[in-house]
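Trainee: Here you go, one structure.
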Amino acid sequence: MAEAKYISNDKLTAWLDELAGKMRVIAPTRQGDAVVFAPYASGQSVELAQEATAPPKSVVFPASEDLLRYDYRKNPENLGQVDVELLPTISPEPTLVFGSRPCGVRGFLIFDRVYDGATYKDPYYLARREATLFATIACGQAENACFCHSVGSAPGDATGSDLLLTPIADGFVVEAVSDKGAQCLESSLLEAAGGKADEAKAFREKALQEMGEPQDFGPAQQKLLELFDDMGFWEDVSAKCISCGACTYLCPTCYCFNITDENAGLTGRRVRSWDNCMSFQFTLEASGHNPRPTKAHRLKNRVGHKFSYYPNLHDGIIACCGCGRCIKSCPVSVDIREIVTKAMAHQPPAVEEAAK
Amino acid sequence: MKIGVFVCHCGSNIGGTVDAARVAEASREFPDVVFTSDTMYACSEPGQDGIIQAIKDNQLDGVVVSSCTPRMHEPTFRRTVERAGLNRFMFEMANIREHVSWIGKDKEANTNKAIELTGIAVEKLRRDQPLFAKQFDINKRVLVIGGGVAGIQAALDCADGDREVVLVERESTIGGKMAKLDKTFPTVDCSSCILGPKMVDVAQHPKIQLYAMAEVEEIGGYVGNYEVKIRRKAPYVNWDLCTGCGLCMEKCPSKKSTDRFNEQVGSTTAINIPFPQAIPKKAVIDPKFCIKLTKGKCGICAKICPTKAIVFDQREEIISESVGAIVAATGYDLFDISKYGEYGGGRLPDVITGLQYERLLSASGPTGGHVKRPSDGKEPKTIVFVQCVGSRDKSVDRPYCSGFCCMYTAKQAILTKDHIPDSSSYVFYMDIRSPGKMYDEFTRRAMEEYGTQYVRGRVSMIYPQGDKLMVRGADTLMGTQVEVEADLVVLAAGAEAAVGAPQLAEKLRISYDKYGFFMESHPKLRPVETNTAGVYLAGSCQGPKDIPASVAQGSAAAAKVLALFAKDKLENDPMISLVDMKRCVGCGKCVRVCPFGAIKEIDVRGEPKAEVIETVCQGCGLCTATCPQGAIQLSHFTDNQILAEVNALCQL
Amino acid sequence: MTILTQLKEQITAQLPKLDMVIGWEQGYDALHATPLFMRAAEDVERLQIGPLSVHNTATYLTGLRNKKVGLVVKGCDSRAVVQLQQEGLIDRENVVVFGFPCDGVADLTKVRRLIGDVGRVEEVETTPTELRLRVDGREEQVAMSDVMADKCRRCQYPNALVHDHFAGKPREPHATSDDYTDVQEFESQSLETRFEHWKSEMSRCIRCYACRNACPMCVCRDHCIAQSRDPHWVTQDDMVREKWMFQVIHAMHLAGRCVECGECQRACPVDIPILALKRKMNKEIKEVFNYDAGVDPQAIPPLLSFQVEEENINERGW
Amino acid sequence: MPALAGKELRIVGFLCNWCSYGGADTAGVGRFSQPTDLRIIRVPCSGRINPLFVAKTLLSGADGVLVSGCHPRDCHYAEGNFYARRRLEVFKRFLPTMGIDPDRFEYTWVSASEGQRWQKVVTTFTEQIHKLGPAPRFGFAHEQNPATAAAC
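Chains as they are written, first to last, in this note's numbering: chain E, 185 to 540; chain R, 24 to 675; chain F, 1106 to 1423; chain H, 7 to 158.
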């Protein structure tokens, strides 16, 4: 791996401009009162001091994309005979996501097991994934909603990133995590980090230390399965949920989608768009039957999937990166940590009776 | 889906400014279109045969005809596609004549527009569903509301057509306003002599069930199957026993009762039969004046009644009737003359309405046909008639003409001269409105033969001077002020909607204008129909009318009822709203706005849901525009159909 | 006795007769309250009212139609109760309303604007005039007047309009009228600026429908036309036009029904200022029909009724 | 379908079947010439016209939308246009906040007999839209939110 570099704050914009000359750069930008990832244009201010409201998920997994576009071609000799011509849609552009936090990037590792797994490789996802680099900024301090350390990560976790930037006085230590990342370090604006690399390491360790003891969510994997039929429990913990999709759409690890066709005359598109399991429509069947008719069923799925079903399939890995967006952006402050903790502590009534 | 598009040249009507062949050619590029052609006259027999042939040859599922307005030939082509075996709703029309070729000369723009209109018709057709009419039974009984001359005529015609009639009358006798008239214009027939026999026919007709002193309380159901609740007020007399002998009236000690029949000229007894020819001729006790009912003592009538018909503790009752059609014939009421304070109506006893004057002229009236003025019983010598009191006057919110006042004023002037040969009559008028057979001649007679002095102008005030009434007004023809010293003033009070008309309209779910008159379906072409199927109008409830017009409407309404009843089953129009039960959240907004009461709330497994009563729905689609989640959709005009039309025009 | 104590006593007394009482408690940190569903007497202890009790408790009502529900309400929440009752969407006899005088709630977006990221708030103390926060070990004091939600500044109904129990004494309204200067200011900009404003604001919408699901009047939720194919009003594309169309749908569906509790905007995770649309709609409803939603349980929403002669609608006779 | 380049703007009309559609027919029968921009969508009643159709049409790229129904009190369905009047009025007043010129949308009442009136309505409205010019667009389906579209 290449040696660690340092960039001072006053050169950061110049470096971004330089990078933007080589590829598309997506960086956190303040829009109104929110911070979202948007294409970086030269000279534009980027918001690196706080975690973005939304993670950079859409860069690799857009909120909607055309899986295919098609034209119907009528045979002029026989109008009833119609051919369908498919038009290509995948044309990813080399992209650098600059300024995400470790949790935002780590979400794609959860995606990878699904879209780049043994059984299925999603060409749309893979094309973008391969074309995208991540220059991640380590966190110095956890927020109240953060719990990355409880799901196998840390505020300075570089897993999944190509570059790791650690803020130290007046600038960032920049370390390459992947070979692709190392190529980005070839800039005269960067200087050798020298002793600053140790400073950076200490910064990251301190941040992790300050988060305190991680919580062990491991037992939830089994416990949530046991609670599957305990609708009373789920009704209780979902009572205040308003069944919107804020948690899901802001989650760096939620990867579910819907597919709809949009036709206009003799042309059409097959659209893949984000879907979320909090929505009634998610499991609505054509017959009108819905196996998850209430928000209790749906919240059970969201929590169950992240802490039990996914880990069951993928070596116990929890499908959550602990970014806390689902907590702090929830209109009613539903706290997934609290639900999982409650579930782990839950004693079925019969057992309670016996214990007395 | 396989769609055929047929573009009509309509001779040169379309072909002159639209390149029909190019429209047909361009239509080949629309989705699902497998066949197109242009044809000289699509509606002609060869044109229709061509469509049928093409449907068969190409196994078409739907047809678009681009030609004239669907308001003209949609029914024609629906039958055409039906003949070819398609459902008649698998058909759409693009109007490229009235909306294109006839309104512009730019052939290129027209052709482009015609192609686009054909395109949206194709997009709509792609989302059409076959629709099927529902058949339902029809109850061949008719309810007639109101027993005036219009209602009597409608009831008799229906009954003569061998249909059972339920006739509901608010007063204790039928006859309405006509029964109160002395003579009728322009023939000067005795009103009761021509109306009386009809009233008797009503009483004797085996097919007519008459409820007098009754009002419609509630109406449910729909055309062919109405359920009606009738509130029958208590006459305190057992009408099954009462023979109408009138002994009770002779002996009743309470003689200051309101005389409604005689328009309160004088008073009558608390137990009363309104007039000798009343139908039914039964006694009624006015509980406001009956000494027994107000003070608990008396009961003389009960003692002398030969059939023991008096029942002081009688209660009103609710009667249910099932009918298939309803004729509203609720007539009119008179404008309240006291609203013109300057005329002294209601304050000066000798300022009376025209209808009160009729009672003074009538031989069966309170004065026995001798004209005596109410204040002192003297025979008036100078009589002033004032027209348009409560007609054609925006200041009292009565801008319309009551229609018949000019004529009855002329009649009353003539009758006055007959009764009191040495009298002189003055008529203050705005215009003389006498468009009718022999009408204008009649008013001329009043002026020319009977010497009635017509003064064109409004009366500004009427005030008492000694035992005379000073009538001050303007003669706009002479441009002078006029003052007449009168003994009696007769105000031609205008007609207004009957008391309670708007409430009845709401029960009938028909509309009414701002004055309370019922709205007909079409002012020219559907004058006795309403927009509620199975409800018809007769007489002045629809607007002021004279006797012949009322009778004609009564017969017309009866003809409509008999035509309806000629069928054994009714079919609904299948372009109605339907509820997607899965998506309905039972918020009830559709139920609230439906103008026809065609949506009801039902319970589906404990959840409220809306349901359309298919035979009542008229297909306006107001519910569809109201439902926030689009769970109720108007068939053939669904959201998706209209959105597809919008998308075809706007997107991409 | 404090208002909170009195309220708790009232709730405790009624709780045995109810399936639940909905109020607020502290959420995952000191700054964030969360709706509290009290089912047992000990739950009542956690009840919290004050400037952080931001959520509209009435939002849950239509989802609990067959339950006996107690509801702790601010004035604005009570208007939602009135409106739901007016539209027959709840059975009033199944709802027990606990009112208290509301001094206004904090707009956390405004707090963020003032003190920066609020992710690390350690402690919050509320006084009638101030929020005192400890963030990252430093003390921050912000005046309530600086962070009070806009809806509270113009609030004419701080006391529950309907209530079965009321704790404390009704307070004076914060305002006596609403002149909609915000709407007027927005509209004083050029049409193009306004159009571009929404284009840019809506571009970050993630279509999570928190605005809709937080709205107490959105009773279609699961069956909303935003996600249906029949009818197919909007596509699922991540396009400004489709997202914007939904906001127009929401505003139209709320015309004459919106009680301006502001939940749509508060719930928006990306802070799109969509309350402006409902404000505009209410301004026009007020002008045309002189109507305020959620005030009179007997009234009929103006778009579900009509007058034969409309006083304030020009018949547009051109 | 794009409007005829250089000549027309995209104007969509929603007309009730009983009055205004008939009025447009009457205008045709009378050969009252009109601009060619307008495309009429026929609906049973103005009460069927959800103002959201107007919104959808404008957001989909129409330059103007015209709604016409029976005169108030003359509704074939008794009350449909009374509701339409309220809803359309409120929607028209809402447009300025959307950043859309309210003159791009008009609603009016034309009876089946008023052919000349219809001609005047169409002519006046078309002129009004041409004066305003093409409406600002949101772009077509494949032009997505720049934040993510660029990522395609």
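From the three backbone atoms N, C-alpha and C, an ideal C-beta is built for every residue, glycine too.
#1: Whose Cβ in chain R lies nearer than 8 angstroms to the Cβ of PRO50(H)?
#2: Given this structure, state the Cα-to-Cα distance separating TRP115(H) from GLY28(H), to the nearest angstrom.
#3: Between PHE58(R) and chain E, is there a C-beta pair that is closer than 8 angstroms?
#4: With a threshold of 8 angstroms between beta carbons, is GLU14(H) in contact with chain F?
#5: Check whether the Cβ of ASP129(R) lies closer than 8 angstroms to any Cβ atom in chain H.
#6: Is it true that the region 1164-1181 of chain F meets the region 1343-1359 of chain F, where meeting means three or more beta-carbon pairs spaced less than 8 angstroms apart?
#7: Tell me the DSSP bridge mates of LYS305(E)?
#8: From LEU200(E), ASN193(E), ASP194(E), pick the residue whose C-alpha is nearest to that of GLU370(E); which is it?
#9: Examine the ligand GDP and report whether any of its heavy atoms sits within less than 7 angstroms of the Cβ of LEU154(R).
#10: Taking a contact to mean a Cβ-Cβ separation below 8 angstroms, would you say VAL374(R) touches GLN410(R) in this structure?
#11: Going straight from the alpha carbon of ALA147(H) to that of MET1344(F), what length do you get?
#12: In or out: HIS333(E) buried (at least 16 other Cβ within 10 Å) or exposed?
#13: Tell me whether the region 1238-1250 of chain F and the region 1284-1301 of chain F touch, counting them as touching only if at least three CB pairs, one residue from each stretch, are closer than 8 angstroms.
#14: Taking VAL251(R) as the reference, give the member of ILE242(R), ALA257(R), TYR259(R), LYS590(R) with the closest Cα.
#15: Do you know offhand how far VAL288(R)'s Cα is from ASP282(R)'s?
#16: Which residue comes first and which comes last in the beta strand (DSSP E) that contains VAL558(R)?
#17: Given GLU717(R), which residues of its chain have a CB within under 6 angstroms of its CB, disregarding the five upstream and five downstream residues?
#18: If you measure between the beta carbons of LEU408(E) and ALA529(E), is that distance less than 8 angstroms?
#19: List, in chain order, every chain R residue whose beta-carbon is nearer than 7 angstroms to that of ILE1330(F).
#20: Could you compute how far the alpha carbon of CYS22(H) sits from the alpha carbon of GLY301(E)?
#21: Name the residue from CYS650(R), PHE114(R), ASN118(R) whose alpha carbon lies nearest to the alpha carbon of ILE46(H).
#22: Which of helix, strand or coil does DSSP assign to PHE208(R)?
#23: Flag THR647(R) as yes if its beta-carbon sits less than 8 angstroms from any beta-carbon of chain H, otherwise no.
#24: Mind checking which residues open and close the beta strand (DSSP E) that includes GLN1153(F)?
#25: Do PHE660(R) and ARG54(H) come within 8 angstroms of each other at the CB atom, strictly closer than that value?
#26: Does the structure place the region 271-290 of chain E close enough to the region 238-254 of chain E that three or more beta carbon pairs sit under 8 angstroms?
#27: Does the beta carbon of GLY429(E) come closer than 8 angstroms to any beta carbon on chain R?
#28: For the putative contact between GLY34(H) and GLU52(R), defined by C-beta atoms under 8 angstroms, what is the C-beta separation to the nearest angstrom?
#29: Going by CA-CA distance only, name the one from PHE59(H), GLY121(H), GLN125(H), SER117(H) that's closest to PHE97(H).
#30: Counting only Cβ pairs nearer than 8 angstroms, list the residues of chain R close to LEU1084(F).
#31: Which one or two residues does DSSP pair with LEU72(H) in a beta bridge?
#32: From SER447(R) to ALA515(R), what distance separates their C-alpha atoms?
#33: For chain F, check one thing: does any of its Cβ atoms lie closer than 8 angstroms to the Cβ of CYS610(R)?
#34: With a threshold of 8 angstroms between beta carbons, is GLU52(R) in contact with chain E?
#35: Once DSSP output is grouped into helix, strand and coil, what is the label at ILE143(R)?
#36: At what residues does the beta strand (DSSP E) containing VAL518(E) begin and finish?
Mentor: Short version:
#1: Residues of chain R passing the Cβ test: MET598, GLY642, CYS643, GLY644, LEU657, PHE660.
#2: The straight-line gap separating the alpha-carbon atoms of TRP115(H) and GLY28(H) is approximately 12 angstroms.
#3: PHE58(R) counts as touching chain E.
#4: It does not; no Cβ of chain F falls within 8 angstroms.
#5: ASP129(R) counts as touching chain H.
#6: The region 1164-1181 of chain F, when compared against the region 1343-1359 of chain F, does not touch it at the 8 angstroms Cβ threshold.
#7: Note: LYS305(E) sits in a beta bridge opposite ASP300(E).
#8: Nearest of LEU200(E), ASN193(E), ASP194(E) to GLU370(E), Cα basis: LEU200(E).
#9: No copy of the ligand GDP occurs in the structure displayed, which carries no ligand at all.
#10: One thing to note: VAL374(R) has its Cβ no nearer than 8 angstroms to the Cβ of GLN410(R).
#11: For ALA147(H), the predicted structure reports a pLDDT of 41, less than 50, and the residue's modelled location is therefore unreliable. A value from the coordinates is still provided. Near 7 angstroms, if we compare the C-alpha coordinates of MET1344(F) and ALA147(H).
#12: With at least 16 other beta carbons inside 10 angstroms of its own, HIS333(E) counts as buried.
#13: The region 1238-1250 of chain F, when compared against the region 1284-1301 of chain F, does not touch it at the 8 angstroms Cβ threshold.
#14: A check of alpha carbon separations from VAL251(R) across ILE242(R), ALA257(R), TYR259(R), LYS590(R) identifies ILE242(R) as the nearest.
#15: Rounded to the nearest whole angstrom, the C-alpha separation of VAL288(R) and ASP282(R) is 7 angstroms.
#16: If you look at VAL558(R), you'll find it in the beta strand (DSSP E) that goes 558-560.
#17: Residue 717(R) is absent from the structure shown; chain R starts at 24 and stops at 675.
#18: Cβ atoms of LEU408(E) and ALA529(E): not closer than 8 angstroms.
#19: Scanning chain R for C-beta atoms nearer than 7 angstroms to the C-beta of ILE1330(F) yields GLN652, GLY653, reported in chain order.
#20: Near 57 angstroms, if we compare the C-alpha coordinates of GLY301(E) and CYS22(H).
#21: The residue with the shortest Cα to Cα distance from ILE46(H) is ASN118(R).
#22: Coil, per DSSP.
#23: Look at THR647(R): its C-beta is under 8 angstroms from a C-beta on chain H.
#24: Membership of GLN1153(F) in any beta strand (DSSP E) is not indicated, and neither H nor E is assigned to it by DSSP.
#25: Yes, Cβ-Cβ distance for ARG54(H) and PHE660(R) is below 8 angstroms.
#26: The answer is yes - the region 271-290 of chain E touches the region 238-254 of chain E, with three or more Cβ pairs under 8 angstroms.
#27: GLY429(E) does not count as touching chain R.
#28: Actually they are not in contact, since the Cβ atoms of GLY34(H) and GLU52(R) sit about 27 angstroms apart, beyond 8 angstroms.
#29: When only C-alpha atoms are compared, the closest one is PHE59(H).
#30: With chain F represented from 1106 up to 1423, any question about residue 1084(F) goes unanswered, as that position is not in the structure.
#31: LEU72(H) is bridged to GLY19(H), GLU112(H).
#32: SER447(R) and ALA515(R): Cα-Cα distance of roughly 18 angstroms.
#33: Closer than 8 angstroms to the CB of CYS610(R) there is at least one CB belonging to chain F.
#34: Interface residue, yes.
#35: Helix, per DSSP.
#36: Here VAL518(E) belongs to no beta strand (DSSP E), and DSSP marks it neither H nor E.
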